[in-house]
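**Student:** Using my numbering, read the sequence shown as starting at 785 and increasing by one per residue.
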Amino acid sequence: MVGAELFFPICVHLSLLWSFPVPIILSLCINQLRFNRYKRIVQTVLYAPHFISIMVVCGMIRIFLSPSGGLINLLLGTSVDFLTEASAFRTIYIASGIWQDAGWGCIIYLATLSNVDTSLYEAAKVDGASVFQRIMNVDIPALLPMAILQLIMSAGSLMNVGFEKVWLLQTDLNMATSDVIAVYVYEQGIEQANYSYSTAVGLFNTAVNLILLFIVNKIASKTSDVDFV
């Protein structure tokens, strides 16, 4: 269980730190595209990874990170088997999650931006506001309530590090950082038939999720004019 103790606090914080702002940034960038055909192509390319199964994603990761002919090693000019490096597992897990889900996650932000009154942009242009100033003073305030709501929803599942991807990418050499609570519950409950203990661990994980949900919601309510409860 040492691996889970190491992986969870670091991965939870890094996942929220890196994966949460990416959809917002993508939606702001896509919203600035003025050619509808190019905009649709970009959206399709970004959304597509979401529909790839975890099994296929993990297969692609193994191919890209292969020490013999893998794309990453070819670009770096090395022959390192990254999946056997315990220190690289967190980066692989978080980066692949961002690639797969960031495009899909920005849909709700694009929908929010599409409802912004166009007269606000026109008034900003008349006042001589640059693109960056329009984003800071029009787009971001419009996205803020939705971003806070998404943050609260993310906090509710913050401890649920995906079982499938970890299980498929786990090796004996990276187990020090890939042995997470979900895998531990599976091993205790299914492989060792220790049902009561694995249920208790899963219940504890759910309780932590609920506590995080209430804490983030309380903080968001105090720092925002929008009351979510």
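Just so you know, even glycine gets a beta-carbon here, dropped at the ideal spot from N, CA and C.
Here the structure is a predicted model, which is why all the values come from computation and not from measurement.
Compute the distance between the beta-carbons of Leu894 and Ile814, then report whether it is under 8 Å.
**Tutor:** Against a cut-off of 8 Å, the Cβ pair of Ile814 and Leu894 comes out as a contact.
**Student:** Considering only C-alpha positions, which residue in the set Ser982, Ser962, Ile808 and Ala1004 is nearest to Met920?
**Tutor:** Among Ser982, Ser962, Ile808 and Ala1004, the Cα nearest to that of Met920 belongs to Ile808.
**Student:** Looking only at its own chain, which residues have a Cβ that is under 6 Å from the Cβ of Gln972, when we skip the five neighbours before and after it?
**Tutor:** Excluding positions up to five away in sequence, the list reads Asn978, Tyr981 and Ser982.
**Student:** Does the beta-carbon distance from Ser938 to Leu800 come in below 8 Å?
**Tutor:** A contact, by the Cβ cut-off of 8 Å.
**Student:** For the alpha helix (DSSP H) containing Arg818, list its first residue and its last residue.
**Tutor:** Per DSSP, Arg818 belongs to no alpha helix (DSSP H) and is neither H nor E.
**Student:** Should Leu860 be labelled buried (16 or more other beta-carbon atoms within 10 Å of its own) or exposed?
**Tutor:** Exposed, by the Cβ-count rule.
**Student:** For the alpha helix (DSSP H) that Ala908 lies in, which residues bound it at each end?
**Tutor:** Looking at the DSSP string, the run of the alpha helix (DSSP H) that includes Ala908 is Thr902 to Val910.
**Student:** Going by beta-carbon coordinates alone, are Tyr831 and Gly881 separated by less than 8 Å?
**Tutor:** No, the Cβ-Cβ distance between Tyr831 and Gly881 is not below 8 Å.
**Student:** Taking only the alpha-carbon atoms, compute the straight-line gap between Ala991 and Tyr968 and give it to the nearest angstrom.
**Tutor:** Cα-Cα distance, rounded: 17 Å.
**Student:** Output yes or no for whether 8 Å exceeds the beta carbon distance between Ala960 and Ala872.
**Tutor:** Their beta carbons are not under 8 Å apart, which means Ala960 does not touch Ala872 by this criterion.
**Student:** My assumption, with CB atoms under 8 Å, is that Asn989 sits in contact with Ile974. Please give the rounded CB distance.
**Tutor:** Actually they are not in contact, since the Cβ atoms of Asn989 and Ile974 sit about 16 Å apart, beyond 8 Å.
**Student:** Would you tell me roughly how many angstroms separate the C-alpha atoms of Cys890 and Ser811, rounded to the nearest one?
**Tutor:** Taking the straight line joining both Cα atoms gives about 5 Å.
**Student:** Buried or exposed: where does Asn958 fall if 16 or more other Cβ atoms within 10 Å of its Cβ makes it buried?
**Tutor:** So Asn958 counts as buried.
**Student:** Which of the three DSSP states, helix, strand or coil, is assigned to Ile836?
**Tutor:** In this structure, Ile836 counts as coil in the three-state DSSP scheme.
**Student:** For Arg918, which residues in the same chain have their Cβ closer than 8 Å to its Cβ, ignoring the five residues on either side in sequence?
**Tutor:** Tyr905, Ala908 and Lys909, listed in sequence order.
**Student:** Give the secondary structure of Thr955 by DSSP, where H, G and I count as helix, E and B as strand, and everything else as coil.
**Tutor:** Note: Thr955 maps to coil in three-state DSSP.
**Student:** Tell me which residue opens and which closes the alpha helix (DSSP H) that Ile919 is part of.
**Tutor:** Where Ile919 is concerned, there is no enclosing alpha helix (DSSP H), given that its DSSP letter is neither H nor E.
**Student:** Distance check for Leu858 and Pro851, CA to CA, integer angstroms please.
**Tutor:** In a straight line, the C-alpha of Pro851 is about 9 Å away from that of Leu858.
**Student:** Given a cut-off of 8 Å, decide if Ala931 and Leu897 are closer than it, judged by their beta-carbon atoms.
**Tutor:** No.
**Student:** Using a Cβ distance threshold of 8 Å, determine whether the region 946-957 contacts the region 834-849, with at least three qualifying pairs required.
**Tutor:** Enough Cβ pairs lie closer than 8 Å, so yes.
**Student:** For Gly853, count the other beta carbons within 10 Å of its own beta carbon; 16 or more makes it buried, fewer makes it exposed. Which is it?
**Tutor:** Answer is exposed; the Cβ neighbour count stays below 16.
**Student:** Determine the DSSP secondary structure at Ala788, reduced to helix, strand or coil.
**Tutor:** Here Ala788 scores only 46 on pLDDT, less than 50, and its place in the model should not be relied on; the value that follows carries that caveat. The answer is helix: DSSP assigns Ala788 an H, G or I state.
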